[in-house]
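Trainee: Per this note's numbering, the sequence shown starts with residue 287, numbered consecutively.
Ideal Cβ positions, reconstructed from N, Cα and C, are used throughout, including at glycine.
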Amino acid sequence: MSTDPELRLPMIKTSNSTDEIGGNDEEFCRSEGGEDCQTPRSPRHMIPAVLRCPPAPKKRRSAAACKRKLCELEFFAGEEIESLFRIVETCMSEGRGYYFPPCHILDISGVSVLVDCPMDLSSLTIFSPLPVDSHDINIDNISFSSADSNEENRGNGLVYAEPRYRTVTKLHSWNISFIDVVLITSPIGMLGLPFLTRKKGFTAKVYATKAASRIGQLMMEDLVYMHKEFRQFYGPESDEPIWMKWDRLEMLPLEMKKIVFGADETDFGCWMPLFSAADVKACMLKVESLNYAEEICYNGILIVKPLASGLEIGSCNWRINGPRGSIAYISSSVFRSAIPKNFDYDALQASDVVVYSDFFSLNALEQVGNDEDFSGLANYFSNSSSADVNSEARSALLSTDDYLEEIDKLDFICSCSMDSIKAGGSILIPTGRLGIILQLLERFELHLTSENMKVPIFVISSVAEQLMIFTSIIPEWLGEQCEDRFYSEKPSLFTHTEMLKDGRLHLFPAIHSDELLSRLITDILWDRNIWQEPCIVFCPHWSLRLGPVTHLLRRWLSLCFITVQEGVDANLILLPFKPIAMKVVQCSFLSGMQLQKSLLLLKILQPKHVLFPEIFRRCVDTLAASFSSSFYNENEMLHIPYTEDNSCLHIDMDLARQIKYTKLEEQNVDISRLKGKLMVKHGRYKLFSCVGTAEDGYGSHNAPVIRVSRPSTAVVEITETQTLIRAADEEVASLISQAARSNLHCL
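See the structure below:
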């Protein structure tokens, strides 16, 4: 426990008067990287501030003006210091499902925090996969830098060119040099990070869990590897591709134009060439990896901590502690998970502010037609007690309904796959979710064993081997079931480890890889056949535009079973492969909280204020909740109300001994002048003594003198410490004293 005295200071309100600002006397410093370092990070982060009572006024003010000034200035500081006591939220993007999570910027106590930097890979659907047939190739335009006559021949309106990519549109108009911290909630949330880190002026600290940073790095490297095929086919791309010229854009179908320009026609300038492998490597050097619940202090002012969200291996929510309270950022979360560590919501309790960013229940909200649908939940909020919360709400949150529903979906896919295999068709599962791949491998093993079928399973990806190795060394990122298996006497953590050993599962970097070709040649020599059809293949990419999936789809157009992520336009992503006769199943895996569970969670967390997406307004307004709430829209700045009226200031003991109080009788307030260095260490404001005392700093100037000529002569000398009245007439001296006291009271 600190021995320093502690003061509760009212909220700072600054003055525009430069004579009341401390100038360059003292420094306000935020420590760089930790609490021990107190050198300023940059001129933008050095803010002059002197805590002191106002000096004697240089000009007369009325009593009302003086009283108003006292209300405005609880203590004096530089204008910029107000930013150190505010919280501002800006929703850069609400996202679209698991593969494009939301993006926010939070301004917390003067620190700009970016949460997630995803890549919008759904935009890949406007591009055609690499053409492989002779009729797809136009000899007259072999560079294929644009949409050309091929589109007319094919009749699908796709762009035949090297794909371009885009991240969050609003980030392009943001000055990245003002971003201080980047927090990553999931591997998929960092795919757009190399676009940011390669820009000039980016100096932010990036924090992610160890598992998220490793898996995210592998996903970025795999994307670069798959994109390399386009570079090899189309050749070097110009700065202004032909397909982006207006005459070519006019040729695109309306549906494609909406993707190119965006819903509000602001996305066209956001298309960028993909980053390189060197960009990924440089990006990862800027990422600091953390364990779950590991705290780290940024510049002494913010303490951030990742907490398991249950969505994917390494995914997390963030708790941010600052001088004015705590903030919980809740991303897409799952209470009970088969593979990842369960949602650690207890660690988010009693947060002052909750930024709710789980959009999984949006579909349910859009289907609700009136407020009566929330009446049951509203009654629960208004009638339930704390005991009800601890029992009913917690049991509802930890119910296995969602988990069992997820298992049913996986079993349905496996059952359909068994039927397709019996009919001679192969199974193609393009997904980017590692947890789903691990679960499906286990379910396929059970179904194949029960059917007494021997069907080879392939995972084809440039990072397949690294991912499978990584899954065997990450017990701290796994759920209870996996942890029990890890510490038991079972030979392996996951079923796929045993499947790899006995040859039922095979890993290859690419279809045309040397590893696969050499295995095929060896099998021919030894009269074996590793590649058998039908088979089961896991491979990227879910957009069906790049990677092994495009080659396999063309091979199995008639006999194939493919799963497609729900939420994407199946007709659009399958457009380049039509006509097809394959079976297609769209499935939506659990990617967040159901609506009722999310509201019950807030009942348990008991925050003071919650930020919801605007679409939640009609639901939240019906609840008799104990917390206040605000609602945000995309690209709108939202000031979060203070949850505490006071801030905590720790004063150095030597400085505290200098405190001499003066009582303002009308306001019943004790005031004192202090001169010191204001610093922030480990999320706390601290005032340290500096050379000299407050009196030393103010006693050196010439004291102003007021001379009174009538009704009798008198002299009033005003200093920083006293007001001296000299008069021959005691009555005149008394009147001057009363006038001075009246002005001092209002000051």
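1) Work out the CA separation of I722 and S617 for me, nearest whole Å.
2) Can you tell me whether DSSP reads P417 as helix, strand or coil?
3) For M785, is the classification buried or exposed, using 16 other Cβ atoms within 10 angstroms of its Cβ as the cut-off for buried?
4) Which residues in the same chain have their Cβ closer than 6 Å to the Cβ of S874, if we skip the five residues on either side of it in sequence?
5) Under 7 Å, do V1045 and A563 count as touching if we go by C-beta distance?
6) Out of curiosity, what's the CA-to-CA distance linking K456 and N442?
7) Excluding the 5 residues preceding and the 5 following C768 in the sequence, name in chain order all residues of the same chain whose CB lies nearer than 7 Å to its CB.
8) State yes or no: is the C-beta of L588 within less than 7 Å of the C-beta of G710?
9) Given that a residue counts as buried once 16 or more other Cβ atoms are within 10 Å of its Cβ, and exposed if not, what is I394?
10) Which of the three DSSP states is assigned to L593 in this structure?
11) Can you tell me whether H390 is buried or exposed, with buried defined as 16 or more other CB within 10 angstroms of its CB?
12) Hey, would you say G608 sits closer than 7 Å to G969, going by beta carbons?
13) If I'm right that L683 touches L886 with Cβ under 8 Å, what's the distance once you round it to whole angstroms?
14) Should P480 and A498 be called a contact, given that it needs their Cβ atoms to be closer than 7 Å?
15) Cα-Cα, which of G521, L876, L973 is closest to D940?
16) Measure from the alpha carbon of A579 to the alpha carbon of each residue in A568, K591, L696, then state which is nearest.
17) Using the Cβ count rule (16 or more neighbours within 10 Å means buried), how would you classify S958?
18) Write down the C-beta distance between M405 and L477 rounded to the nearest angstrom, noting that I regard them as a contact closer than 8 Å.
19) Around the Cβ of M739, are there at least 16 other Cβ atoms within 10 angstroms (buried) or fewer (exposed)?
20) Among residues of its own chain, excluding the 5 on either side of A1014, which ones have a beta-carbon nearer than 8 Å to its beta-carbon?
21) What's the C-alpha gap between G487 and I926?
22) Using 10 angstroms around the beta-carbon of V823, count the other beta-carbons present and answer buried if the total reaches 16, otherwise exposed.
23) Pair every Cβ in the region 625 to 636 with every Cβ in the region 887 to 901, then say whether three or more of these pairs are closer than 8 Å.
24) Please work out which residues of its chain come closer than 7 Å, Cβ to Cβ, to F646, disregarding the five sequence neighbours upstream and downstream, and give them in chain order.
25) Quick check: the Cα distance between I462 and T781, rounded to an integer number of angstroms?
26) Is DSSP giving V639 helix, strand or coil here?
27) Considering only the alpha carbon of each residue, which of M570, I606, F561 lies closest to E581?
28) By the three-class DSSP mapping on this structure, what secondary structure does R993 have?
29) By a C-beta neighbour count over all protein chains shown, 10 Å radius and 16 as the cutoff for buried, is I373 buried or exposed?
30) Could you say if the region 852 to 863 and the region 739 to 750 meet the contact criterion of at least three C-beta pairs nearer than 8 Å?
31) Roughly how many whole angstroms lie between the Cα atoms of I945 and R1012?
32) Relative to the alpha-carbon of P862, which residue among E751, R840, A636, E515 has its alpha-carbon at the smallest distance?
33) According to the Cβ coordinates, are S643 and F847 closer than 7 Å?
34) Just to confirm, is the Cβ distance from K496 to S575 under 7 Å?
35) By Cβ distance below 7 Å, which residues in the same chain neighbour C339 in space, the five residues on each side in sequence not counted?
36) Would you decide whether I992 is buried or exposed? Buried here means 16 or more other CB atoms lie within 10 Å of its CB.
Mentor: In terms of the structure at hand:
1) 19 Å
2) In the three-state DSSP reduction, P417 falls in the coil class, being neither helix nor strand.
3) buried
4) E852
5) Any question about residue 1045 goes unanswered here, given that the chain covers just 287 to 1033.
6) 30 Å
7) I625, L779
8) Going by C-beta atoms, L588 is not nearer than 7 Å to G710.
9) buried
10) strand
11) buried
12) yes
13) 6 Å
14) no
15) L973
16) K591
17) exposed
18) 4 Å
19) exposed
20) Correct list, in chain order: S998, T999, A1000.
21) 28 Å
22) By the neighbour-count rule (16 or more Cβ atoms within 10 Å), V823 is buried.
23) yes
24) Around F646: S618, S877, G878, M879.
25) 44 Å
26) strand
27) I606
28) DSSP places R993 within a strand segment (E or B) once states are collapsed to three.
29) buried
30) no
31) 29 Å
32) R840
33) no
34) Taking 7 Å as the Cβ cut-off, K496 and S575 qualify as a contacting pair.
35) No answer about C339 holds up, because its pLDDT of 33 lies below 50 and its placement is not dependable.
36) exposed
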